[in-house]
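As structure tokens, the structure follows; a few thoughts come after it.
Chains as they are written, first to last, in our numbering: chain A, 6 to 127; chain E, 390 to 575.
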């Protein structure tokens, strides 16, 4: 397995590309997909940290009461994946509502260019 | 390590393609490639359950929805690939590059302290508690136990969120709800 910092740097690069996509493009669907890319990058870093938490845990495992060691280990290792699961659920909800908004904008304006949808801007 | 390098290169290339392609459909296909690569990276991290969910939920459900919407909108050719005006484009690029450089450097700086930590061997302490291997806590069984015991409340709240999203999506995408009600069409 590659060292954890490689995963974190890859995640930072993917996040940066996502930010660029949101700032650059005017197509609402491409902006939406860039947001999904950023969510994925964050998920990657969460899982990378959760899988490598052993190094940090080894520093203070002697401070944990012995009967609680299995519970602490399980919670700290598995909760990273639980967070990712919750992020995926929120992303699915966001996808449903976001695409519905894009469809209704297209019905009203006959375009998905976000520069045409600036009536709330000023 | 080799697998990581291959997956990382493919995912970075595909992520750049997502942002730079003119056609939204090509972007969507490249985004599916990014998500499959990230699922592969999850496998290398030992998180098999999350890797499966990544393929099923992201590459499956969400991207099918996105492609469905792209097909449904039936955009004209001139609707494709419009970018911002020149100044905004370069400012956006500079800002994204700034965030990227900051993130990479802060990560490198913080991870230097992290990798300086000498890794102690905890296998003896762990084994004395009757745990065979620490990696078994990465399994789907362990994730499910944590999810339904420790995180039961957030889990229930997400179900409410999903219900709200279903209702919200129906209401938002419906054609002029009130007017057509008066005409008795819906």
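Where a beta carbon is used, it is the ideal one built from N, C-alpha and C, also for glycine.
Where residue 542 (chain E) meets chain C, residues with beta-carbon distance less than 9 Å: No chain C appears in the structure shown, which is made up of the protein chains A and E.
Nearest-angstrom Cβ-Cβ length linking residue 24 (chain A) and residue 485 (chain E), presumed shorter than 8 Å: By one-based count along the first chain, residue 24 (chain A) stands at place 19. By one-based count along the second chain, residue 485 (chain E) stands at place 96. Confirmed, about 4 Å.
Nearest candidate by alpha-carbon position, reference residue 411 (chain E), set E:464, E:423, E:436: Here residue 411 (chain E) is taken as the residue at index 22 of the second chain, counted from 1. Residue 411 (chain E) has its Cα closest to that of E:464, out of E:464, E:423, E:436.
Exposure label - residue 112 (chain A); buried when at least 16 CB within 10 Å: Counting from 1 along the first chain, the entry for residue 112 (chain A) is found at position 107. Its Cβ having fewer than 16 others within 10 Å, residue 112 (chain A) is exposed.
Whole-Å CB distance - residue 400 (chain E) paired with residue 44 (chain A), under 8 Å assumed: In the second chain, counting from the first residue as 1, residue 400 (chain E) sits at position 11. In the first chain, counting from the first residue as 1, residue 44 (chain A) sits at position 39. Between residue 44 (chain A) and residue 400 (chain E) the Cβ distance is about 14 Å, and since that is not below 8 Å, they are no contact.
Limits of the alpha helix (DSSP H) - the one that residue 124 (chain A) falls within: Along the first chain, one-based indexing puts residue 124 (chain A) at 119. Where residue 124 (chain A) is concerned, there is no enclosing alpha helix (DSSP H), given that its DSSP letter is neither H nor E.
Chain E residues whose Cβ lies nearer than 9 Å to that of residue 29 (chain A): In the first chain, counting from the first residue as 1, residue 29 (chain A) sits at position 24. Under the 9 Å cutoff, chain E gives 408, 409, 472, 473, 477, 478, 481, 482, 485.
Minimum C-alpha distance to residue 490 (chain E) - residue among A:11, A:9, A:21, A:120: Within the second chain, the letter at position 101 stands for residue 490 (chain E). That would be A:21, whose Cα lies nearest to the Cα of residue 490 (chain E).
Near-chain A residues of the segment 442-465 of chain E (beta-carbon distance less than 8 Å), N- to C-terminal order: 442, 443, 446, 447, 450, 451, 454, 455, 458, 459, 461, 462, 464
Separation of residue 37 (chain A) from residue 416 (chain E), as counted between CA atoms: Taking the first residue of the second chain as position 1, residue 416 (chain E) is located at position 27. Taking the first residue of the first chain as position 1, residue 37 (chain A) is located at position 32. The alpha-carbon atoms of residue 416 (chain E) and residue 37 (chain A) are separated by roughly 11 Å.
Alpha-carbon to alpha-carbon, residue 86 (chain A) and residue 118 (chain A): Counting from 1 along the first chain, the entry for residue 118 (chain A) is found at position 113. Counting from 1 along the first chain, the entry for residue 86 (chain A) is found at position 81. Each residue's alpha carbon lies about 36 Å from the other.
Cβ neighbours of residue 492 (chain E) in the same chain (closer than 8 Å, five flanking residues each side left out): The residue given as residue 492 (chain E) occupies position 103 in the second chain. The answer is none, since no qualifying residue turns up.
Distance between beta carbons of residue 104 (chain A) and residue 458 (chain E), contact taken as under 8 Å: Here residue 458 (chain E) refers to the residue found at position 69 of the second chain. Here residue 104 (chain A) refers to the residue found at position 99 of the first chain. Residue 458 (chain E) to residue 104 (chain A), Cβ: 5 Å. Contact.
Any C-beta of chain E under 8 Å from that of residue 68 (chain A): By one-based count along the first chain, residue 68 (chain A) stands at place 63. Answer no: the Cβ-Cβ gap between residue 68 (chain A) and chain E never drops below 8 Å.
Partner residues on chain E for residue 22 (chain A), Cβ-Cβ distance less than 7 Å: Position 17 of the first chain holds residue 22 (chain A). Under the 7 Å cutoff, chain E gives 404, 405, 408.
Rounded straight-line distance, which links the Cα of residue 72 (chain A) to that of residue 430 (chain E): Working through the second chain from its first residue, we reach residue 430 (chain E) at position 41. Working through the first chain from its first residue, we reach residue 72 (chain A) at position 67. Rounded to whole angstroms, residue 430 (chain E) to residue 72 (chain A) spans 34 Å at the Cα level.
Under 7 Å from the C-beta of residue 35 (chain A): neighbouring residues of chain E: Residue mapping note: residue 35 (chain A) aligns to position 30 of the first chain, counting from 1. Near residue 35 (chain A) (Cβ distances below 7 Å), the residues of chain E are 413, 416.
Classification of residue 395 (chain E) by the beta-carbon crowding that lies within 10 angstroms, buried from 16 upward: As a working note, residue 395 (chain E) is residue 6 in the second chain. Exposed, since its Cβ has fewer than 16 Cβ neighbours within 10 Å.
Beta-carbon separation (whole angstroms), residue 448 (chain E) vs residue 426 (chain E), contact threshold 8 Å: Numbered from 1 along the second chain, position 59 holds the residue referred to as residue 448 (chain E). Numbered from 1 along the second chain, position 37 holds the residue referred to as residue 426 (chain E). At roughly 10 Å, the Cβ-Cβ gap does not stay under 8 Å, so residue 448 (chain E) and residue 426 (chain E) are not in contact.
Per-residue burial, residue 460 (chain E) [other beta carbons within 10 Å of its own, 16 or more giving buried]: In the second chain, residue 460 (chain E) corresponds to position 71, counting from 1. Exposed.
Beta-ladder partner(s) of residue 118 (chain A), from DSSP: As a first step, residue 118 (chain A) is located in the first chain; it is residue number 113 there, counting from the start. BP columns for residue 118 (chain A) point to A:32.
Beta-carbon gap between residue 12 (chain A) and residue 50 (chain A) smaller than 8 Å: Taking the first chain and counting its residues from 1, one reaches residue 12 (chain A) at position 7. Taking the first chain and counting its residues from 1, one reaches residue 50 (chain A) at position 45. Cβ distance < 8 Å, so residue 12 (chain A) and residue 50 (chain A) count as in contact.
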